[in-house]
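Notes to accompany the following structure.
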Amino acid sequence: MAYNTHDLSDTIVALATPQGVGAIGVIRLSGKDAIKIVDRVFKGKKLAEQDSHTVHFGTIRDREDRIIDEVLVTLFVAPRSYTGENVVEVSCHGSDYIIQQLIQLFIDEGARLAQPGEFTMRAFLNGRMDLSQAEAVADLIASSSAASHELAMRQMRGGFSAEIGKLRQELIDFASLIELELDFGEEDVEFANRDDLKALVHKIQGVLRQLIQSFQLGNVIKQGVTTVIAGRPNAGKSTLLNALLNEERAIVSDIAGTTRDTIEEVLNIKGVQFRLVDTAGIREATDTIEAIGVEKTLEKVRQSSLLLYVFDVVNTSPEEVRADLNRLIQPGMHVLVVANKMDLNPYTKFEDYFQPTPDPSRSREGRSSDTPSPEREGRGGSIDHRTYEKLWGWRSANPRAYGRLKTFAGEMRKEQTPAEKLLWERLRKRQVAGHKFLRQHIIGTFIADFYCAEKKLVIEVDGAYHQLPEVKLSDEQRTAVLEANGCRVLRFSNEQVTSQPDEVIAAIEKALHEALPSLEGRDGGGSMVAPENWVPIIAREGMNIPYLKDKLYEAVLREQVQIDQTIVSNARHYEALEKAYQALDDVLKGMAAGITSDFVAMDIRRALHHLGEITGEISTDDLLGNIFGKFCIGK
Numbered sequence: 007m008a009y010n011t012h013d014l015s016d017t018i019v020a021l022a023t024p025q026g027v028g029a030i031g032v033i034r035l036s037g038k039d040a041i042k043i044v045d046r047v048f049k050g051k052k053l054a055e056q057d058s059h060t061v062h063f064g065t066i067r068d069r070e071d072r073i074i075d076e077v078l079v080t081l082f083v084a085p086r087s088y089t090g091e092n093v094v095e096v097s098c099h100g101s102d103y104i105i106q107q108l109i110q111l112f113i114d115e116g117a118r119l120a121q122p123g124e125f126t127m128r129a130f131l132n133g134r135m136d137l138s139q140a141e142a143v144a145d146l147i148a149s150s151s152a153a154s155h156e157l158a159m160r161q162m163r164g165g166f167s168a169e170i171g172k173l174r175q176e177l178i179d180f181a182s183l184i185e186l187e188l189d190f191g192e193e194d195v196e197f198a199n200r201d202d203l204k205a206l207v208h209k210i211q212g213v214l215r216q217l218i219q220s221f222q223l224g225n226v227i228k229q230g231v232t233t234v235i236a237g238r239p240n241a242g243k244s245t246l247l248n249a250l251l252n253e254e255r256a257i258v259s260d261i262a263g264t265t266r267d268t269i270e271e272v273l274n275i276k277g278v279q280f281r282l283v284d285t286a287g288i289r290e291a292t293d294t295i296e297a298i299g300v301e302k303t304l305e306k307v308r309q310s311s312l313l314l315y316v317f318d319v320v321n322t323s324p325e326e327v328r329a330d331l332n333r334l335i336q337p338g339m340h341v342l343v344v345a346n347k348m349d350l351n352p353y354t355k356f357e358d359y360f361q362p363t364p365d366p367s368r369s370r371e372g373r374s375s376d377t378p379s380p381e382r383e384g385r386g387g388s389i390d391h392r393t394y395e396k397l398w399g400w401r402s403a404n405p406r407a408y409g410r411l412k413t414f415a416g417e418m419r420k421e422q423t424p425a426e427k428l429l430w431e432r433l434r435k436r437q438v439a440g441h442k443f444l445r446q447h448i449i450g451t452f453i454a455d456f457y458c459a460e461k462k463l464v465i466e467v468d469g470a471y472h473q474l475p476e477v478k479l480s481d482e483q484r485t486a487v488l489e490a491n492g493c494r495v496l497r498f499s500n501e502q503v504t505s506q507p508d509e510v511i512a513a514i515e516k517a518l519h520e521a522l523p524s525l526e527g528r529d530g531g532g533s534m535v536a537p538e539n540w541v542p543i544i545a546r547e548g549m550n551i552p553y554l555k556d557k558l559y560e561a562v563l564r565e566q567v568q569i570d571q572t573i574v575s576n577a578r579h580y581e582a583l584e585k586a587y588q589a590l591d592d593v594l595k596g597m598a599a600g601i602t603s604d605f606v607a608m609d610i611r612r613a614l615h616h617l618g619e620i621t622g623e624i625s626t627d628d629l630l631g632n633i634f635g636k637f638c639i640g641k
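For the sequence shown, my numbering gives the first residue as 7, with consecutive numbering after it.
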């Protein structure tokens with residue numbers, strides 16, 4: 007759409023409320039003649055003589071002096087308005103006929119119909135907001151969850167803009183010194199200390215890296231997560247959908263192949279939207295219609311970022327589960343395996359579906375990684391293996407087991423050893439290579455001291471107790487289980503962490519940069535899904551559904567969105583940040599190669615340009631037209 011972005015002399019008009027019949031409609035005008043135009047047809051107080059931010063009752067009449075409607079007129083006098091211009095909002099009855107008559111009357115009096123997003127574009131051009139804030143207005147209007155609303159509100163209040171502005175200003179200050187050097191090129195002077203410049207670039211790149219990495223999270227919050235429920239016929243997929251939604255949305259029948267087309271519903275978990283897609287069962291189709299349904303299932307799986315694979319523990323063999331997973335899993339997809347109908351086969355051995363599971367081990371001096379410690383107050387004595395299997399093993403479909411593990415992990419966080427506290431201070435807030443670590447994190451039946459989910463890296467900090475032969479054996483068994491299911495395990499002693507912290511961090515950084523453990527030799531597709539992502543349920547009774555919802559949330563968002571956390575949710579911002587990061591990378595490479603100041607200045611200007619594109623300090627008519635053309639007319 008072509009925008010005349012720099013001609014603000016026109017007065018524009020549009021309906022600000024949704025189209026359709028309603029109790030009221032609000033018509034908005036903006037421009038230097040907005041008040042004059044309404045004043046000519048409004049019968050009541052003289053609007054030009056009234057104060058800003060006041061509301062006035064009266065009637066609006068056509069040119070034949072016939073009353074069109076009784077209205078309330080709200081005045082916003084420039085510059086104290088949304089657009090920075092004179093703004094008038096006319097609240098009338100919500101009849102389509104009345105609204106169209108009023109808009110046409112205002113056009114006849116000199117206004118023109120607004121283009122999509124033109125009110126917000128004028129707010130940007132008049133300095134009422136920057137470009138990223140203007141984009142947040144559209145995000146706020148489209149927000150459909152608490153998290154997306156909060157994200158849009160923070161961006162609209164200028165939090166993201168302020169962070170970008172601060173980075174840009176720091177670069178400008180340095181760039182000005184380098185530009186000054188160019189003016190004294192023949193005198194070989196250096197106003198900008200190169201070591202200071204390198205430190206600044208590294209610092210800014212660190213911030214940009216965090217913003218870039220936050221886009222995946224921001225996109226999830228803004229767009230939601232496409233989650234496909236797939237599995238064999240009669241596995242309980244539709245029953246699971248109904249249990250998650252807590253309503254009878256899908257038809258449930260004992261007849262295999264009941265679902266022949268996809269059913270899509272939205273589930274909101276802690277402010278994050280999951281677009282659930284219930285699909286036809288995967289099997290050799292018995293007729294043409296079912297074959298189309300199966301093909302649609304596979305197509306939906308390929309398009310999804312999260313897969314809920316459901317199987318029946320009574321009628322599905324481990325070999326069939328592994329075959330299904332090998333067929334369904336796509337690169338980069340997060341998978342939760344849901345074992346349904348646990349009440350009909352409560353002693354299902356989950357280790358048969360992936361890898362034999364040795365007995366759990368202990369995590370640190372005198373304290374079990376998996377069971378409550380007898381040393382804790384009120385915890386009683388030790389728990390034998392049979393009780394362990396009942397309470398903590400995969401054989402339990404009782405969500406209280408997970409709840410008790412979660413409680414115990416919380417207690418362990420409060421009672422961290424000095425070495426653990428020291429290491430956590432170095433790992434938290436993405437300080438190590440930009441990766442997020444969790445502490446005392448539940449993995450299956452284990453509680454890992456520290457865990458990086460992105461790289462599936464487990465870090466254990468062990469005391470002297472772990473030097474005992476029987477404890478070392480248990481640790482080796484525990485490590486074998488974790489590695490068999492795709493994790494890498496690093497172990498450090500308390501002494502290593504406290505006396506050689508830099509060496510420990512260096513070893514962790516090295517592990518983060520290395521590839522994940524190879525899947526070769528492991529037992530098919532089932533082994534590709536880590537034990538902590540297998541969830542036992544009884545769908546028809548709603549058993550363990552709260553835990554499954556926790557796992558869904560954890561799959562995409564491991565912490566609540568904080569009001570002071572800057573998260574990128576706009577693809578345009580993401581691309582500009584990546585380009586700015588690359589330009590700064592070129593600055594570092596250039597300085598390392600000893601290039602002249604004019605080329606260094608060129609790369610810095612390129613980084614400044616891309617950062618300026620985010621807030622609109624650098625903009626073009628085409629860019630503005632593309633952004634505001636996606637808005638509704640009245641905004």
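Yeah, the Cβ is synthetic: ideal placement off N, Cα and C, and Gly gets one too.
None of these values were measured; they are calculated from a predicted model.
Taking a C-beta distance under 8 angstroms as the contact criterion, T89 and R118 do not qualify as a contact pair.
Membership of R86 in any beta strand (DSSP E) is not indicated, and neither H nor E is assigned to it by DSSP.
D45 and S87 have their C-alpha atoms some 18 angstroms from each other.
Contact annotation: L173 and A158 have beta-carbon atoms that are not nearer than 8 angstroms. Taken through DSSP and simplified to helix, strand or coil, M127 comes out as helix.
For N225, the closest C-alpha among the options G50, I573, L583, G469 is that of I573. Taking the Cα positions, L203 is about 44 angstroms away from V341.
Assignment of S36 by DSSP, reduced to helix, strand and coil, places it in the strand class. Closest option to R328, judged by alpha-carbon separation, among T80, I449, G237, E124: G237. By the beta-carbon neighbour count (other beta carbons within 10 angstroms, threshold 16), E538 is buried. A straight-line Cα-Cα distance of about 36 angstroms links L81 and G277. If you keep only unbroken beta strand (DSSP E) runs of at least 3 residues inside the segment 437-500, you get 444-449, 452-458, 463-468, 494-499. In summary, A120 is buried, with 16 or more beta-carbon neighbours lying within 10 Å of its beta-carbon over all protein chains present. Y471 is classed as exposed because its beta carbon has fewer than 16 other beta carbons within 10 Å across all chains shown. Contact between the segment 132-143 and the segment 159-171 is present, with at least three C-beta pairs closer than 8 angstroms. DSSP links T232 through a beta bridge to R281.
Between F280 and V234, the gap from beta carbon to beta carbon reaches 8 angstroms or more. Out of F443, E271, L217, the CA that lies nearest to the CA of L518 is found in F443.
As DSSP reads the structure, Y315 sits in a beta bridge with A236, V343. Assignment of L350 by DSSP, reduced to helix, strand and coil, places it in the coil class. Of the candidates S505, I184, F317, R410, F317 places its Cα closest to the Cα of S244. In the structure shown, L119 adopts extended strand secondary structure according to DSSP, grouped into three states.
Boundaries of the beta strand (DSSP E) harbouring T60: 60-67, taken from the DSSP string.
Where N274 is concerned, there is no enclosing alpha helix (DSSP H), although the beta strand (DSSP E) around it starts and stops at 269-275. Setting aside the 5 residues that flank it on each side, L590 is surrounded in the same chain by V207, I210, Q211, A613, each with a C-beta closer than 7 angstroms to its C-beta; the list follows chain order. Exposed is the label assigned to S182, since fewer than 16 other Cβ atoms lie within 10 Å of its Cβ. An exposed status is given to T413, since fewer than 16 other beta-carbon atoms sit within 10 Å of its beta-carbon.
Between D39 and T17 a beta carbon distance of about 4 angstroms is seen, short of the 8 angstroms cut, so the two are scored as contacting.
In the DSSP secondary-structure assignment, P424 is not bridged to any residue.
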